[in-house]
Amino acid sequence: MKSTFFDFYNLLYKMGYLTKDIVHEAAEWGVITLEEYQEITGEEFVA
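So the sequence shown is numbered by numbering that gives the first Met the number 0: it starts at 0 and just counts up by one.
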């Protein structure tokens with residue numbers, strides 16, 4: 000099951016409204032999971 004904000008971050012990142020840094024910060028704060036970060040950006044999460 001996806002986190003509550005996955006669709007929000009995924010859609011806005013794909014549309015260009017969010018940068019990779021913002022999505023990275025969301026993963027650091029636990030808003031999205033590390034696996035979801037990878038799914039959204041196509042890159043592994045590196046702390």
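We treat Cβ as the ideally placed atom computed from N, Cα and C, and that holds for glycine.
{"Asked": "Length of the line joining the Cα atoms of GLN37 and ALA26", "Found": "10 Å"}
{"Asked": "Coil, strand or helix - PHE7 by DSSP", "Found": "helix"}
{"Asked": "Integer Cβ distance of ILE31 from TYR12, believed to fall under 8 Å", "Found": "About 10 Å separates the two Cβ atoms, so there is no contact after all."}
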